[in-house]
Ligand code: ATP
Ligand code: MG
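Residue numbers (our numbering): 1 to 177.
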């Protein structure tokens with residue numbers, strides 16, 4: 001079995017920090033091997049995170065797309081707008097999957113979109129079903145439902161032991177965004 005190329009379905013979940021960071025860590029590792037990678041960000045459509053500035057620095061091998069309208073609780077957009085954005089992201093993911101262009105595809109905060117009912121579990125099942133054999137599919141977000149955990153090959157839950165937010169320290173550039 002050694003050396004077998006097998007794309008896995010991976011979930012990074014839990015309440016602690018590190019879900020998106022872990023997914024980006026996998027992307028960095030894969031890029032090192034010259035593998036093409038893509039991140040589709042759900043929800044955080046209007047936030048300026050460092051990774052957004054990385055596209056183009058890897059000779060086109062890293063792409064990042066935003067398909068969200070910011071956190072739903074900000075009330076800047078209607079539920080319908082959030083849903084339309086999430087559904088756009090899902091369609092993009094489906095196309096990307098079928099294209100077999102990417103060795104790593106990250107659907108960042110897709111589980112949050114699921115919790116907020118912007119996408120359905122059935123849609124995620126269908127998406128996982130389209131995964132090419134050599135693509136690693138990474139889903140992130142708090143509260144992965146057990147049905148999805150069952151479908152995944154690897155699930156890691158980030159446990160929050162201590163977070164600076166609780167001491168009133170705001171999110172830091174280069175660490176949190
Ligand atoms: P990161 O993107 O830093 O890897 P994450 O993906 O695990 O974090 P998200 O739920 O996407 O976490 O939230 C992103 C932001 O929330 C980050 O700025 C992160 O530092 C912060 N955060 C994560 N865990 C906690 C926590 N337990 N308490 C407060 N803030 C948190
Ligand atoms: Mg995250």
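The beta-carbon is built from N, C-alpha and C at its ideal position, and this holds for glycine as well.
The beta strand (DSSP E) with residue i in it runs from where to where?
| i | result |
| --- | --- |
| residue 19 | Where residue 19 is concerned, there is no enclosing beta strand (DSSP E), although the alpha helix (DSSP H) it sits in stretches over 19-32. |
| residue 67 | 62-67 |
| residue 13 | 9-13 |
| residue 53 | Neither: residue 53 is in no beta strand (DSSP E) and is coded neither H nor E. |
Quick one, are the C-beta atoms of residue i and residue j less than 9 Å apart?
| i | j | result |
| --- | --- | --- |
| residue 121 | residue 147 | yes |
| residue 42 | residue 118 | yes |
| residue 64 | residue 39 | yes |
| residue 112 | residue 91 | no |
| residue 134 | residue 80 | no |
| residue 140 | residue 114 | no |
| residue 94 | residue 126 | yes |
| residue 36 | residue 16 | no |
Give the range of the alpha helix (DSSP H) segment to which residue i is assigned.
| i | result |
| --- | --- |
| residue 159 | From DSSP, residue 159 is part of no alpha helix (DSSP H); its letter is neither H nor E. |
| residue 148 | 146-151 |
Count the other C-beta atoms from every protein chain shown that fall within 10 angstroms of the C-beta of residue i, then say buried if there are 16 or more, exposed otherwise.
| i | result |
| --- | --- |
| residue 153 | exposed |
| residue 186 | Only positions 1 to 177 of the chain appear in the structure, and residue 186 is not among them; the question remains open. |
| residue 33 | exposed |
| residue 20 | buried |
| residue 78 | exposed |
| residue 98 | exposed |
| residue 116 | buried |
| residue 8 | exposed |
| residue 253 | Residue 253 falls outside the range modelled here, since the chain spans only 1 to 177, and no answer is possible. |
| residue 62 | buried |
| residue 4 | exposed |
| residue 89 | buried |
Can you pull the DSSP bridge partners for residue i?
| i | result |
| --- | --- |
| residue 42 | 67 |
| residue 136 | 104 |
* To do: Identify every run of the beta strand (DSSP E) within the stretch 79-122, keeping only runs that are complete inside it and at least 3 residues long; order them along the chain.
  => 104-108
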